[in-house]
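Below is one structure; the comments refer to it alone.
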Amino acid sequence: MPLPQDDAQRGRKGNEVAMEWISKKTLSAIILLIFFIPLVVWGPAWSILIVLIAAVGLALHEFYEMTLPVGRRDDKWLPIAIGVAFPLIFFLNPESPGDLILAVSVVFLVILAFGLFTHLHEEDLRGALSHMAVLAFGIFYVGFLGSFVIALRGLEGEMQVRWLPFLFLVTWGGDTGAYFVGKYLGKRHIVPAISPNKTLEGFVGGFFTSVALSLVARGTFVQELSWATALWLGVGIGILGPIGDLIESMMKRGAAVKDTSTLIPGHGGLMDRTDSIFFVAPFVFFTAKVLTGSGL
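Counted the way this note's numbering counts, the sequence shown spans residues 61 to 356.
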């Protein structure tokens with residue numbers, strides 16, 4: 061029978077581990093923000109492009125290391141090369157959806173041909189379809205969706221340099237709100253099979269944090285937006301951000317890993333930090349084009 065002092069000692073150790081993890085998470089966040097805020101607010105478009113290409117490449121590497129079987133991981137290099145080309149395509153031609161559709165079509169044809177080539181001499185082809193699907197999905201989920209970040213920066217108008225600060229503030233702010241509300245008030249787990257720590261209270265807290273931050277941004281540095289548009293963006297980001305996070309959580313559960321990598325102490329991998337951003341960026345981009353006339 062465990063003694064009371066043993067339980068107390070275990071409790072203290074658990075608290076120490078939790079505090080150490082929070083300290084790492086906080087320190088990493090501060091360092092990233094010191095680098096990130098000047099880049100997003102004042103950096104020229106080409107510098108953001110370089111960082112995004114690196115981020116897409118690293119995130120794709122994490123994705124394929126997580127999803128491809130050990131014997132197939134060398135197949136990741138061509139999809140990574142294709143994926144990092146998407147930000148450049150968006151950067152050079154942000155206003156032409158026809159070119160983007162053509163690029164996506166070419167990419168999927170290349171992946172199909174590559175998948176066929178890699179399985180030509182195999183007798184057992186039961187894994188061929190899933191293998192090609194993983195290669196194509198990584199390019200779409202990370203490379204294509206992530207490229208809307210640089211497309212936002214390329215929109216013309218008075219808000220050109222403010223779309224990205226808005227995107228990151230409202231999306232990551234919502235993530236932070238969900239984390240703290242879920243940590244201290246969360247009781248009802250909504251998808252334990254996918255993400256055991258996700259709670260209804262955390263989702264609601266994150267949603268209202270995104271809405272509030274979007275309205276605060278409208279009242280401060282994005283005053284060109286109407287209040288209705290700011291509300292629409294806050295609601296959309298508050299819903300889509302958690303969906304992007306859950307999609308990545310589902311992939312991690314399927315691969316039986318906690319984080320996509322250990323690149324960022326306390327946060328996991330690059331995919332763990334960009335999952336919501338990449339999923340939300342297309343929504344903000346098309347809202348900017350449809351509701352505000354290509355970024356005002």
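The beta-carbon is built from N, C-alpha and C at its ideal position, and this holds for glycine as well.
Asked: Would you call S207 buried or exposed, if buried means 16 or more other Cβ atoms sit within 10 Å of its Cβ?; Found: buried
Asked: Could you give the DSSP three-state label for T322: helix, strand or coil?; Found: coil
Asked: Under DSSP, the alpha helix (DSSP H) around E125 begins and ends at which residues?; Found: A105 to T127
Asked: Please state whether the Cβ-Cβ distance between G203 and F146 is less than 9 Å.; Found: yes
Asked: Give the straight-line distance between the Cα atoms of A78 and F267, rounded to the nearest whole angstrom.; Found: Its pLDDT being 49, under 50, A78 is placed unreliably by the model, and the measurement read from it follows with that caveat. Rounded to whole angstroms, A78 to F267 spans 26 Å at the Cα level.
Asked: Excluding five sequence neighbours on each side, which residues of the same chain lie with their C-beta closer than 7 Å to the C-beta of S336?; Found: T231, D235, G301, G304 and D305
Asked: Just to confirm, are K136 and L120 a CB contact at a threshold of 9 Å?; Found: yes
Asked: Where does G234 fall in DSSP's three states?; Found: helix
Asked: Can you pull the DSSP bridge partners for H249?; Found: T259
Asked: Consult DSSP for G328 and reduce its assignment to one of helix, strand or coil.; Found: strand
Asked: Buried or exposed: V100, going by 16 or more other Cβ atoms within 10 Å of its Cβ?; Found: buried
Asked: Which word fits K258, buried or exposed, when buried means at least 16 other C-beta atoms lie within 10 angstroms of its C-beta?; Found: buried
Asked: Using the beta-carbon count (16 or more within 10 Å), is L118 buried or exposed?; Found: buried
Asked: With the cut-off set at 9 Å, would you say I210 and L109 are in Cβ contact?; Found: yes
Asked: Is G198 closer than 9 Å to A188 when the C-beta atoms are compared?; Found: no
Asked: Do three or more CB pairs link the segment 243-255 to the segment 266-284 at distances below 8 Å?; Found: no
Asked: In angstroms, rounded to a whole number, what distance separates the CA positions of E122 and G328?; Found: 11 Å
Asked: Would you please state the rounded distance, in angstroms, between the beta carbons of V144 and V116? I believe it to be under 8 Å.; Found: 5 Å
Asked: Where does S190 sit, in a helix, a strand or coil, going by DSSP?; Found: helix
Asked: According to the neighbour-count rule (16 or more other Cβ atoms, all chains shown, within 10 Å of its Cβ), is F346 buried or exposed?; Found: exposed
Asked: Taking Cβ positions, are S270 and I307 nearer each other than 9 Å?; Found: no
Asked: Three-state secondary structure (DSSP) at E308?; Found: helix
Asked: Three-state secondary structure (DSSP) at L285?; Found: coil
Asked: Around the Cβ of A253, are there at least 16 other Cβ atoms within 10 angstroms (buried) or fewer (exposed)?; Found: exposed
Asked: State the Cα-Cα distance for the pair S286 and V350, rounded to the nearest angstrom.; Found: 13 Å
Asked: Taking the C-alpha atoms as reference points, what is the distance between M331 and Y124?; Found: 11 Å
Asked: Is the CB-CB distance between V340 and L229 below 9 Å?; Found: no
Asked: For G265, is the classification buried or exposed, using 16 other Cβ atoms within 10 angstroms of its Cβ as the cut-off for buried?; Found: buried
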